[in-house]
Amino acid sequence: ASPDCLRAAQDLPDVEDDYGPVRPYLVCRALELGFKAYCLAKGDKQTDFKGKGIGHDLEEGLARANSYGLGGVLSLTPREEAAPAKANRHYAKKGFEYLTPEMIYELVTGAKGLPNVKVLLGIADRFLPAIKQLCIEAA
């Protein structure tokens, strides 16, 4: 499912000033599922993601993946390291999915608080292929 979300985000037509919620939602979903797949392959159980676990929290997912040695698989720049946290402000609250009041505010005020989708896509483009074999072997 994670590669499908990424492919869908990549396949959306490029438009100037693309502030819509669809592409960020898809790439964030790809990252969320990728973080979870990586953690499962490293020993987590699905129950670790519920309640106080990762849930839909990209920051927690990245932190958990980092605790399992993600740095050996994926090197992130400081800008990339900060991108999931910025996206998480809306993604964790389903703002991209359901257009929350906070998301609508961002859209009508110039989207300065929205994540840089190209940075998120760059992370996902490298991360998902890097963990594919690990996840297959763990299945």
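First residue of the sequence shown: 15, per this note's numbering; consecutive thereafter.
Beta carbons are placed, not taken as given, at the ideal position from N, Cα and C, and that holds for glycine.
Does the Cβ-Cβ distance between residue i and residue j come in under 8 Å?
| i | j | result |
| --- | --- | --- |
| Gly-124 | Met-117 | no |
| Leu-26 | Phe-49 | no |
By how many angstroms is the C-alpha of residue j removed from the C-alpha of residue i?
| i | j | result |
| --- | --- | --- |
| Ala-240 | Ala-144 | A query on residue 240 cannot be resolved here, the shown segment of the chain reaching from 15 to 153 and no further. |
| Lys-132 | Leu-72 | 16 Å |
| Arg-21 | Arg-43 | 11 Å |
| Arg-78 | Ala-97 | 16 Å |
| Val-122 | Lys-107 | 19 Å |
Relative to the C-alpha of residue i, which residue among the options is closest?
| i | options | result |
| --- | --- | --- |
| Glu-127 | His-104, Thr-61, Gly-57, Glu-74 | With the sequence shown as reference, residue 127 is identified as Gly, and Glu is not the correct amino acid for it. Cα-wise, what sits closest to Gly-127 is His-104. |
| Tyr-119 | Gly-34, Asp-28, Gln-24, Pro-17 | Gly-34 |
| Leu-84 | Ile-150, Asp-18, Leu-142 | Leu-142 |
| Glu-46 | Leu-113, Cys-19, Ser-89, Gln-147 | Cys-19 |
| Tyr-3 | Leu-90, Thr-114, Tyr-82 | Residue 3 cannot be examined here, being either before or after the span of the chain that is shown, 15 to 153. |
Report all residues from its chain with a CB closer than 6 Å to the CB of residue i; omit the five preceding and five following residues, and keep chain order.
| i | result |
| --- | --- |
| Tyr-39 | Phe-110, Glu-111 |
| Ala-55 | Leu-148, Cys-149, Ala-152 |
Keeping to the same chain, check which residues put their C-beta closer than 7 Å to that of residue i; ignore five residues upstream and five downstream.
| i | result |
| --- | --- |
| Ala-101 | Pro-38, Cys-42, Leu-72, Pro-129, Leu-134 |
Step through the CB atoms of chain C and report whether any lies within less than 8 Å of the CB of residue i.
| i | result |
| --- | --- |
| Glu-111 | Considering every chain present, this structure includes no chain C. It has just one protein chain. |
Can you give me the Cβ contacts of residue i inside the same chain, cut-off strictly under 8 Å, excluding the 5 residues immediately before and after it?
| i | result |
| --- | --- |
| Leu-90 | Ile-137 |
Query raised in the report: Quick one: any contact between the region 55-68 and the region 134-142, if contact means 3 or more CB pairs under 8 Å?
Result: no
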